[in-house]
Every structure is written in C-alpha cells, then in structure tokens.
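**Q**
In this note's numbering, the protein residues as written are 30 to 185.
1. Under 8 angstroms, with one C-beta from each stretch per pair, do the stretch 142 to 155 and the stretch 70 to 83 reach the 3-pair mark?
2. Starting from the Cα of residue 176, find the closest Cα among 36, 41 and 37 and give me that residue.
3. Grab the span of the beta strand (DSSP E) containing residue 94 for me, first residue to last.
4. Rounding to the nearest angstrom, what Cα-Cα distance links residue 107 and residue 152 in this structure?
5. Distance, Cα to Cα, residue 96 vs residue 167?
6. Using a 10 Å radius around the Cβ and a threshold of 16 neighbouring Cβ atoms, would you call residue 126 buried or exposed?
7. Quickly, what does DSSP pair residue 144 with across the bridge? List them, please.
8. So residue 132 and residue 63 are in contact, right, with Cβ under 8 angstroms, and what is the actual spacing, rounded?
9. Once the 5 residues before and after residue 181 are set aside, which same chain residues still bring their CB inside 6 angstroms of it?
10. Taking the alpha-carbon of residue 150 as reference, which of 156, 141 and 158 has the nearest alpha-carbon?
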C-alpha cells in the first residue's frame, strides 16, 4: 500500500548515494528559488499557515492563486508539501471562486492569429500557465539535497 499511496500523493525519493544537506542549507536553497526572475515567490510561512516555507503564485488572467506549503522534517529528512489552489478551478463555474487541495497538473494556454514575417496568418501563443513551472524546481531542489518530497492531502 505504501507505493500506491506515494503515487497518489506525488511522493518522490532522492537518488541513492546523495548525502542529505543540513536543514538550514535546504531552507536557503528553497528561498533562493523565488528570485526576481522566477514566476513565483518563496517566503517564510505565517504562523497560521502551519508550515516553514510557502511557495506562492498569483495568475491574474485566470483569477487563480496557487500555494505550496512546505514543512521541513529534519528527523526523517523529508519535506511535506500541501498544494492548494483558489480561483476558477473549472470551466463550468466561471463566476465563483473555489478551493482545491492536492497535487494536480493544470495547464492553460491562449492563442491568437497574427500575421507572420511572410505575411501569412499563423497561430501564436499569447499566454501560457503550467503548474509544473512552480512545483518542479521546488521538488528538484529538495531531491538534489538528498531529502524526500512527500505530498500530503489530509494530515497536516
């Protein structure tokens, strides 16, 4: 049952032979991801968020806010993550904001016709959002540090 639960929650384990980094070094590496060029920011969590760090991204065009709360557990060398979304989570309910929790991949694109250099009309992507643009760098940093990335749905 353990491996099935890992698949459902998105848990990933580091490669064998990687020496785990100390907690403070991992924390600094995660905070550095949210730099000025990043599409998201990583900050220290507020006490009510019950986490150590929070990665946050707001997409105004989709009226969507995505947060990944990160709790560092030094005893087991794992980072427990809780993914949350607020906004228009489905196309049917375009007028109401909804709350969603758990790991999911969301991709949104917008295209329009434009005139190309040769004078012909062509489709050009004008907007792109992929939830993996935030989650993948966080997860890769945790795994490269020798820690486990553990997705959490209910127990926080």
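Glycine residues also receive a C-beta, built at the ideal position from the N, C-alpha and C atoms.
**A** In short:
1. no
2. 41
3. 93 to 102
4. 44 angstroms
5. 12 angstroms
6. exposed
7. 150
8. Not a contact, Cβ separation roughly 20 angstroms.
9. 109 and 111
10. 141
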